[in-house]
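In this note's numbering, the protein residues as written are 139 to 362. A virtual CB, placed ideally from N, CA and C, is assigned to each residue, including glycine. Here the structure is laid out as structure tokens; the discussion comes afterwards.
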Amino acid sequence: MDTVLVVDDEAPLRRALRVNLRARGYDVQTAADGRTALEVAAKRQPDLVIVDLGLPDIDGVEVVRGLRGWTSVPIIVLSARTEQSDKVSALDAGADDYVTKPFGMDELLARMRAALRRGTVADERPVITTADFSIDLAAKRVVTQAGEIRLTPTEWSILSILARHRGKLVGQRQLLQEVWGPRYGTETNYLRVYVAQLRRKLEPDHARPRYLVTEPGLGYRLDA
Numbered sequence: 139m140d141t142v143l144v145v146d147d148e149a150p151l152r153r154a155l156r157v158n159l160r161a162r163g164y165d166v167q168t169a170a171d172g173r174t175a176l177e178v179a180a181k182r183q184p185d186l187v188i189v190d191l192g193l194p195d196i197d198g199v200e201v202v203r204g205l206r207g208w209t210s211v212p213i214i215v216l217s218a219r220t221e222q223s224d225k226v227s228a229l230d231a232g233a234d235d236y237v238t239k240p241f242g243m244d245e246l247l248a249r250m251r252a253a254l255r256r257g258t259v260a261d262e263r264p265v266i267t268t269a270d271f272s273i274d275l276a277a278k279r280v281v282t283q284a285g286e287i288r289l290t291p292t293e294w295s296i297l298s299i300l301a302r303h304r305g306k307l308v309g310q311r312q313l314l315q316e317v318w319g320p321r322y323g324t325e326t327n328y329l330r331v332y333v334a335q336l337r338r339k340l341e342p343d344h345a346r347p348r349y350l351v352t353e354p355g356l357g358y359r360l361d362a
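Rendered as structure tokens:
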């Protein structure tokens, strides 16, 4: 049974989707705002997320970005916004599909089936724990025995990318383009500076890194 998380601030719509989807064999979880949605997703790890853009606390695009920080779960945006710019923003943030309200239930079900066929959620843990620190990808927090570590946005971007590919080499070009943008690809000194900062904050001995490993001339790897 696939689990679907429905995120919408309209209670009648949440109820209607819950009834319709459960009748078709889905396990349904619901959330009325973005922060609750991210908490539920981290705890339940649904197989598919349906999210509205006009949420009362944070925009649905931010929910998509928050999910994409740690999971590749299929995401369908269900929104009354019809402007092309809204669709582009949602898809660029990581949504897999965009359905406009009002919608037909048969169409939504077909799009859900297609998204579930494409999406294969592997072993994705929102919290990565080591002997010296833990990384909560959903909450964007790093905690050691001494307490929470404050990271700059750039430091977090690099660490979260490495965490999502933990145990695997992430190339220098990929890191540069994901963190700084597509125009960057050769500025490896940026990476050396920020990885050194991360090591000073996270490694027991930053001169002999145990977790943030360099593959000379290739890239970096998080051993966790």
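1. Given a cut-off of 8 Å on the beta-carbon distance, is the pair G172 and S298 in contact?
2. Output the distance between the C-alpha atoms of K340 and A180, rounded to the nearest integer angstrom.
3. Decide yes or no for the touch test of the region 289 to 305 against the region 261 to 277: beta carbon pairs closer than 8 Å, at least 3 of them.
4. Going by DSSP, what residues sit across from D235 in a beta bridge?
5. When the distance is taken between beta carbons, is V201 closer than 8 Å to L229?
6. With which residues is L275 paired in a DSSP beta bridge?
7. Any idea which residues DSSP pairs A169 with across the strands?
8. Of all the options R359, R346, R156, which has the alpha carbon lying nearest to the alpha carbon of L307?
9. Does the region 244 to 254 come within contact of the region 278 to 294, defined as at least 3 CB pairs closer than 8 Å?
10. Which one or two residues does DSSP pair with V265 in a beta bridge?
11. Is DSSP giving E286 helix, strand or coil here?
12. Who are the Cβ neighbours of D185 in its own chain at under 8 Å, not counting the five residues just before and after it?
13. Are the beta-carbon atoms of Q312 and T326 separated by less than 8 Å?
14. Between the alpha carbons of L289 and E148, how many angstroms are there, rounded?
15. Once the 5 residues before and after E304 are set aside, which same chain residues still bring their CB inside 7 Å of it?
16. Which whole-angstrom value describes the C-beta separation of G292 and V333, a residue pair presumed to lie in contact below a C-beta threshold of 8 Å?
17. Return the first residue and the last residue of the beta strand (DSSP E) that T352 is part of.
18. Using the Cα positions of V144 and G355, report the straight-line distance between them to the nearest angstrom.
Inspection of the coordinates gives the following:
1. Reading the sequence shown from its first residue, position 34 is the one you call residue 172. Reading the sequence shown from its first residue, position 160 is the one you call residue 298. Taking 8 Å as the Cβ cut-off, G172 and S298 do not qualify as a contacting pair.
2. Mapped onto the sequence shown, residue 340 falls at position 202. Mapped onto the sequence shown, residue 180 falls at position 42. The amino acid at residue 340 is misidentified as Lys; the sequence shows Leu. Going from the Cα of L340 to the Cα of A180 covers about 23 Å.
3. yes
4. Position 97 of the sequence shown, counted from the first residue, corresponds to residue 235. Per DSSP, I214.
5. For the purposes of this step, residue 229 is taken as residue 91 along the sequence shown, with counting starting at 1. For the purposes of this step, residue 201 is taken as residue 63 along the sequence shown, with counting starting at 1. No, the pair does not count as a contact, with Cβ atoms beyond the cut-off.
6. Indexing the sequence shown from 1 puts residue 275 at position 137. Beta-bridge pairing links L275 to no other residue.
7. As a working note, residue 169 is residue 31 in the sequence shown. For A169, which the question treats as bridged, DSSP gives the partners V145.
8. On the sequence shown, position 169 is the one that residue 307 refers to. When each option's Cα is compared against that of L307, the closest is R359.
9. no
10. Taking the first residue of the sequence shown as 1, we reach residue 265 at position 127. BP columns for V265 point to D274.
11. Residue numbering aside, residue 286 sits at position 148 when the sequence shown is read from its first letter. If DSSP states are grouped into helix, strand and coil, E286 belongs with the strands.
12. In the sequence shown, counting from the first residue as 1, residue 185 sits at position 47. Closer than 8 Å at Cβ, skipping near neighbours: D140, T141, V142, V211, P212, L254, G257, V259.
13. Looking up residue 312 in the sequence shown gives position 174. Looking up residue 326 in the sequence shown gives position 188. No, the pair does not count as a contact, with Cβ atoms beyond the cut-off.
14. In the sequence shown, the residue the question calls residue 289 occupies position 151. In the sequence shown, the residue the question calls residue 148 occupies position 10. For L289 and E148, the distance between alpha carbons rounds to 36 Å.
15. Counting from 1 along the sequence shown, the entry for residue 304 is found at position 166. According to the sequence displayed, residue 304 carries Arg and not Glu. Here the set comprises I266, L360, A362.
16. Position 154 of the sequence shown, counting from 1, holds the residue named residue 292. Position 195 of the sequence shown, counting from 1, holds the residue named residue 333. According to the sequence shown, residue 292 is Thr rather than Gly. Going by Cβ atoms, the distance from T292 to V333 rounds to 11 Å, so no, they are not a contact pair.
17. Within the sequence shown, numbered from 1, the residue matching residue 352 stands at position 214. 350 to 353 is the span of the beta strand (DSSP E), which, as asked, contains T352.
18. Taking the sequence shown and counting its residues from 1, one reaches residue 144 at position 6. Taking the sequence shown and counting its residues from 1, one reaches residue 355 at position 217. Taking the straight line from one Cα to the other gives about 44 Å.
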